[in-house]
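Chemist: Structure incoming, see below.
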């Protein structure tokens with residue numbers, strides 16, 4: 001564990017520890033989650049489901065588990081007796097909730113004891129189990145006690161008696177929402193428990209067999225009409241929603257629910273890495289699929305922020321290059337949890353092979369789409385969706401909690417282990433070696449090597465790195481630096497995979513922090529430009545640009561805007577604002593001429609302004625104003641509450 | 001009826017008469033439709049449904065009806081004994097299929113006699129009845145015989161005994177697919193049958209009550225799970241799919257399936273027009289709704305071609321301004337039948353009030369999205385969807401028939417009465433008065449007035465109009481002419497609603513036929529430009545631009561392209577081609593750098609080419625080629641079969 005932070009996430013980790021932990025604890029208590037492992041029926045369990053067939057309280061285990069996981073990470077750095085009491089209480093309660101055979105679930109035990117495992121597709125028994133395993137791992141790390149781990153090993157043993165090859169008389173099923181796979185592999189890694197490995201291996205190699213036939217069969221076994229589809233699935237039989245339309249090794253593009261896809265790929269990466277000492281045909285097939293699907297995600301289906309999943313209906317991926325920026329433009333979901341999953345899978349890939357492209361993606365998601373973007377500076381409010389532009393129906397705002405509360409505690413636990421994503425042992429290296437993926441302020445101890453980093457990154461591009469000890473220390477040169485950086489003293493040898501080797505003693509890396517423009521990929525069919533500085537994508541809010549009324553929908557920026565005129569300004573919360581004088585061209589299209597019913601007097605000029613078409617005649621009638629623009633980092637949006645409900649990140653290029 | 005045609009549709013009407021009529025007759029025979037009214041069970045009725053719960057043969061009545069309707073119109077102009085024999089045979093067969101109580105339907109009588117009217121939402125008994133009524137009207141016009149009309153009046157009488165206010169002990173239902181409403185109002189107009197009027201009135205004022213509660217109730221009555229939704233509906237309970245989410249008078253935006261919406265609005269226009277002598281509050285409410293929904297369709301949800309309905313999943317409207325151009329860009333349905341419905345509703349609106357904006361829309365749909373766009377020059381093949389750009393998965397092509405065969409015979413019957421859309425009696429005028437909406441070659445006789453038109457429109461802009469007789473003759477000045485036209489002699493008095501009054505004797509109207517550019521509306525978030533000439537939208541096909549490989553996805557055209565350099569060329573089939581020298585900038589984006597699994601050697605340069613973002617570094621790496629471009633009218637696409645599978649209509653503006 002590394003307590004180290006950069007100049008942005010440091011603030012967030014402090015807020016998480018001081019504010020989010022107690023605030024979320026209170027929310028767990030107030031909503032009934034805290035006591036739910038006591039397995040008592042409550043009135044809330046009688047309320048109708050918001051999305052059939054999923055009870056509104058179905059994920060309660062995971063909410064509690066993520067909070068426990070997060071609090072354990074933070075307590076590891078800094079003890080707190082009061083919080084620790086709650087952890088102990090909850091772990092005791094969870095232990096008491098385990099059934100004699102090892103089963104562990106609130107909803108089914110309390111409300112539908114005869115329906116256990118009847119619907120793996122929609123009901124999250126295994127997903128919840130996965131998060132409980134991850135909580136148990138953090139709990140063991142903090143306390144040294146095996147209490148929680150033992151509960152979860154019993155649960156795994158029980159699951160392994162239920163699920164497995166049909167030839168062994170078991171159910172050949174796999175979870176509708178992947179999560180337990182990566183948790184099982186982490187559990188195996190920690191404990192050496194073979195059953196955990198084998199169960200994960202079964203889930204990952206069985207998933208999608210015959211196009212998701214297991215789900216078809218279990219639906220029939222429930223006696224449901226074959227045309228009946230759960231409310232969250234795009235269509236009956238669209239098992240690509242949960243990446244079960246084909247065996248993982250045969251999947252060609254990343255599809256469906258983006259959090260599920262990200263968790264699944266993370267587990268695939270773990271599995272492949274564990275098999276690499278004795279690789280088989282399966283190892284190669286899964287490795288190829290992992291990279292194929294990651295590339296599909298990154299090159300075809302990722303927003304400029306590193307966010308993924310543009311479709312709200314299934315919280316997931318659209319067709320390649322379909323990346324609308326706001327719900328009034330056709331969607332933009334970019335769930336906070338999905339960006340966390342991008343960081344997770346990228347971490348696993350870097351453990352197998354150093355590739356700065358992979359770390360660049362992780363950095364983009366870290367700074368613009370996950371933890372800092374998803375939580376407010378004060379640690380009190382969160383985003384579930386990270387749209388790139390607001391609209392009247394969907395203002396730019398944050399919330400303290402959500403009915404389906406996956407994101408807030410996910411941000412918390414990710415902040416808890418954030419430092420763990422910043423560096424790793426390079427693949428094939430010794431325990432003294434270090435690969436630094438992200439730039440931060442703090443110390444790395446690896447074997448006998450110690451690396452001291454000091455920087456105000458991402459506000460400044462200078463990173464000083466003091467290397468002591470025997471190890472080889474590599475550091476990533478970000479792709480966005482476009483080779484325009486300096487390193488003193490010069491790197492040892494040529495770069496490998498975008499990483500350079502540092503010298504022993506003091507090194508100074510200087511990255512170019514001049515703002516730059518990012519243009520939309522032409523196959524998105526959009527023609528937009530964004531302002532970027534270092535790893536940070538910037539946006540406009542009406543908080544700073546008070547003249548705005550239309551969510552910056554009609555604001556254009558010339559492709560050749562003069563970036564040398566940009567002024568940097570120290571804003572609130574330590575944030576660097578960027579001011580572009582006279583760069584914004586407000587071009588309001590003429591109002592469309594409408595037909596008026598007989599009897600109504602027509603008040604408008606006829607501008608022949610059809611959608612999809614403006615005849616030349618109307619072009620001259622655009623209303624134009626030129627504006628100074630004040631940008632703030634995208635992650636920082638919706639943090640100041642005097643105005644700030646209108647926001648946009650990518651702007652029409654002035655043509 | 002007017003046999004008159006313009007220089008484009010004339011070819012199509014000839015092909016329809018000479019080729020389409022016999023070819024579709026043969027298809028009706030080969031597919032089993034021709035004999036289906038004999039009510040004998042056939043093996044085909046045992047095949048599983050493609051889209052649950054709709055039997056694949058459910059619309060057979062309407063296919064036969066539309067063919068009868070079309071053939072009757074054509075036989076009216078030019079008798080054909082052989083075709084007439086088939087009409088007589090079919091009408092006899094239909095008459096024989098009517099049940100004792102007046103019911104008339106193939107599927108339910110043969111396959112599910114006890115399920116009659118059990119599912120108005122999904123099963124098209126009333127829709128089919130509507131098309132049979134329209135066929136009967138054409139049959140009576142041709143033959144003078146009441147045989148078919150009487151069958152349909154019996155059917156209506158029976159339906160009126162089943163459907164009506166609950167207080168009268170009737171079912172308060174209305175058809176899932178509107179059509180019968182407009183047919184009933186036409187039947188009333190022809191026969192004065194009050195029952196027809198009242199039934200249409202009931203359907204139109206009951207539709208959408210309590211958000212479509214009738215459909216919820218009938219689903220419950222069928223004993224179906226409340227979460228079960230038919231395969232073609234976007235989601236359970238999304239009754240906006242069939243415009244039943246609210247009473248028509250309360251609907252704010254045009255929504256759902258576009259053909260249903262168009263047919264429904266046509267009936268609303270008819271109803272309102274019939275009520276206008278004694279208007280009530282209802283008249284005013286429906287009139288306001290009609291114009292509100294038409295404006296929503298035209299200003300927010302219409303393609304440059306006049307096509308409507310961008311979403312394939314529900315064959316209908318998306319959110320405002322969401323108009324992708326190809327399936328690989330997120331959709332583009334623009335069903336042929338939907339554009340025909342646009343023409344129909346516009347015709348009804350022009351009958352109430354002259355407004356050239358309305359006729360402009362009709363003209364755009366007529367020339368670019370319905371009859372000529374939907375049928376090949378030779379009358380043998382058709383389009384169902386009219387996408388604005390092709391893709392690898394969806395090449396630009398035509399088909400002879402479709403399993404759901406609504407479009408081909410719809411084009412046929414619309415071509416049959418095409419002249420009827422070209423002019424009408426102006427609202428409030430005498431029977432001697434004439435309003436000319438579209439420019440054609442032929443004669444209008446109205447009362448004692450005779451108007452002789454001669455033109456090569458739309459290839460040439462000159463229209464000569466000889467006016468004889470007592471009537472006032474008005475002619476539309478298209479909005480696209482942008483006031484840049486000449487009329488000799490000058491118009492009588494000022495224009496009204498975009499129409500000018502002609503003098504008695506010879507008038508010459510000269511419209512500007514210089515090609516012009518049309519830009520996408522900025523709120524589509526696209527930045528595209530199209531080439532337009534007169535009413536015709538042009539496109540590129542790889543037939544003429546053989547260097548193309550990417551469906552013109554990477555072709556840009558500068559916003560200030562020099563249109564004075566355009567060369568017109570006489571192409572095949574009488575079509576004017578347009579050639580723009582050196583206007584096309586082929587800008588291929590650099591290939592995205594991908595991550596490669598360990599063990600695989602990386603062959604590509606790192607270009608930092610994320611989706612949603614190209615950092616400046618990669619901009620210079622676009623591969624650029626400049627090309628001459630040869631355009632053909634959009635309607636003419638997929639008519640030459642040597643190549644021509646790649647096509648695009650709107651091109652990225654070069655930024």
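Protein chains in written order, with full-length UniProt numbering: chain E, 1 to 655; chain Z, 1 to 655. Note that CB positions come from ideal geometry on N, CA and C, so glycine has one too.
With distances taken between CB atoms, is the gap from residue 415 (chain Z) to residue 130 (chain Z) smaller than 9 angstroms?
Modeler: No; because the gap between Cβ atoms is not below 9 angstroms, this pair is not in contact.
Chemist: For the ligand MN, I want to know if residue 254 (chain E) counts as a neighbour, meaning its beta carbon is within less than 8 angstroms of at least one of the ligand's heavy atoms.
Modeler: For the structure depicted, the ligand MN is absent and the ligand set is empty, with no information on it obtainable.
Chemist: Taking 9 angstroms as the CB-CB limit, is residue 318 (chain E) close to chain Z?
Modeler: It does: the Cβ of residue 318 (chain E) has a partner Cβ on chain Z nearer than 9 angstroms.
Chemist: State the start and end residues of the unbroken beta strand (DSSP E) segment that holds residue 583 (chain E).
Modeler: 576-588 is the extent of the beta strand (DSSP E) around residue 583 (chain E).
Chemist: Express the C-alpha separation of residue 87 (chain Z) and residue 75 (chain Z) in angstroms, rounding to a whole number.
Modeler: If I take the Cα positions, the gap works out to 10 angstroms.
Chemist: Using a Cβ-Cβ cut-off of less than 8 angstroms, give me the residues of the segment 469-496 of chain Z that come near chain E, in sequence order.
Modeler: Those would be 479, 480, 482, in chain order.
Chemist: Does the structure place the segment 429-437 of chain E close enough to the segment 447-455 of chain E that three or more beta carbon pairs sit under 8 angstroms?
Modeler: These segments touch.
Chemist: Compare the C-beta of residue 366 (chain E) against all C-beta atoms of chain Z and say whether one is closer than 9 angstroms.
Modeler: False, the Cβ-Cβ gap to chain Z never drops below 9 angstroms.
Chemist: Can you tell me whether residue 42 (chain E) is buried or exposed? The criterion is at least 16 other CB atoms within 10 Å of its CB, across all chains shown.
Modeler: The residue in question, residue 42 (chain E), is exposed, as its Cβ has fewer than 16 Cβ neighbours within 10 Å.
Chemist: If you reduce the DSSP assignment to three classes, tell me which class residue 108 (chain Z) lands in.
Modeler: Helix.
Chemist: Using the DSSP secondary-structure output, state which residues sit across from residue 375 (chain Z) in a beta bridge.
Modeler: Residue 375 (chain Z) pairs with Z:382.
Chemist: Can you give me the C-alpha to C-alpha distance between residue 188 (chain Z) and residue 204 (chain Z), rounded to a whole angstrom?
Modeler: Looking at the two C-alpha atoms, the distance is approximately 15 angstroms.
Chemist: Less than 9 angstroms between the C-beta atoms of residue 411 (chain Z) and residue 371 (chain Z), yes or no?
Modeler: It is a contact, given that the beta carbons lie within the stated cut-off.
Chemist: Have a look at Z:563, Z:544, Z:299, Z:550 and flag the residue whose alpha-carbon is nearest the alpha-carbon of residue 572 (chain Z).
Modeler: The residue with the shortest Cα to Cα distance from residue 572 (chain Z) is Z:544.
Chemist: Check each candidate in E:310, E:337, E:316 and name the one with the smallest Cα separation from residue 326 (chain E).
Modeler: Closest option to residue 326 (chain E), Cα to Cα, is E:310.
Chemist: Would you tell me roughly how many angstroms separate the C-alpha atoms of residue 546 (chain Z) and residue 30 (chain Z), rounded to the nearest one?
Modeler: Whole-angstrom Cα-Cα distance: 38 angstroms.
Chemist: Go to residue 362 (chain E), then tell me how far its alpha helix (DSSP H) extends in each direction, as first and last residue.
Modeler: From DSSP, the alpha helix (DSSP H) with residue 362 (chain E) extends over 356-368.
Chemist: Which residues in chain E sit within 7 angstroms of residue 291 (chain Z), going by Cβ to Cβ distance?
Modeler: Within 7 angstroms Cβ-Cβ: 595, 596, 597.
Chemist: By how many angstroms is the C-alpha of residue 275 (chain E) removed from the C-alpha of residue 153 (chain E)?
Modeler: Residue 153 (chain E) and residue 275 (chain E): Cα-Cα distance of roughly 22 angstroms.
Chemist: Looking at the strands, I want to know which residues DSSP matches up with residue 557 (chain Z).
Modeler: Note: residue 557 (chain Z) sits in a beta bridge opposite Z:653.
Chemist: In chain E, what lies closer than 8 angstroms to residue 554 (chain Z) by C-beta?
Modeler: By Cβ distance, chain E contributes 522.
Chemist: Does residue 250 (chain E) pass the burial test, meaning 16 or more other C-beta atoms within 10 Å, or should it be called exposed?
Modeler: With fewer than 16 other Cβ atoms within 10 Å, it is exposed.
Chemist: Is it buried or exposed, residue 626 (chain Z), if we count other Cβ atoms within 10 angstroms and call 16 or more buried?
Modeler: Under this definition residue 626 (chain Z) is an exposed residue.
Chemist: Going by DSSP, which residues form a beta bridge with residue 466 (chain E)?
Modeler: Answer is E:452, E:506, bridged to residue 466 (chain E).
Chemist: Can you name the residues of chain E whose CB is closer than 8 angstroms to the CB of residue 225 (chain Z)?
Modeler: By Cβ distance, chain E contributes 224, 225, 228.
Chemist: Starting from residue 596 (chain E), trace the alpha helix (DSSP H) in both directions and tell me its first and last residue.
Modeler: Segment: none, residue 596 (chain E) is in no alpha helix (DSSP H) and carries neither H nor E.
Chemist: Quick one: grab the DSSP three-state call for residue 571 (chain Z).
Modeler: Three-state DSSP puts residue 571 (chain Z) in coil, outside helix and strand.
Chemist: Strictly below 7 angstroms CB to CB, what residues from chain Z border residue 50 (chain E)?
Modeler: What residue 50 (chain E) touches in chain Z: nothing, since even the nearest Cβ is about 13 angstroms away.
Chemist: So, is the C-beta of residue 329 (chain Z) closer than 9 angstroms to a C-beta in chain E?
Modeler: Chain E contact via Cβ: present.
Chemist: What span of residues does the beta strand (DSSP E) with residue 538 (chain E) cover, start to end?
Modeler: Looking at the DSSP string, the run of the beta strand (DSSP E) that includes residue 538 (chain E) is 536-541.
Chemist: Tell me which residues share the same chain as residue 362 (chain E) and place their Cβ nearer than 6 angstroms to its Cβ, disregarding the 5 neighbours each side in the sequence.
Modeler: For residue 362 (chain E), where only same-chain residues beyond five positions count, the Cβ hits under 6 angstroms are 343, 346.
Chemist: Quick one: is residue 593 (chain E) buried, meaning 16 or more other Cβ sit within 10 Å of its Cβ, or exposed?
Modeler: It counts as buried.
Chemist: For residue 659 (chain E), name the three-state secondary structure that DSSP assigns.
Modeler: Residue 659 (chain E) is absent from the model: chain E starts at 1 and stops at 655.
Chemist: At what residues does the alpha helix (DSSP H) containing residue 270 (chain E) begin and finish?
Modeler: Here the alpha helix (DSSP H) through residue 270 (chain E) covers 258-275.
Chemist: Just to confirm my understanding: we take residue 20 (chain Z), look at its own chain, exclude 5 residues before and 5 after, and list those with CB closer than 6 angstroms. What are they?
Modeler: Contacts found: 379, 412.
Chemist: Taking the beta carbon of residue 591 (chain E) as the centre, do at least 16 other beta carbons fall within 10 Å, making it buried, or is it exposed?
Modeler: Looking at its Cβ environment, which holds fewer than 16 other Cβ atoms inside 10 Å, residue 591 (chain E) is exposed.
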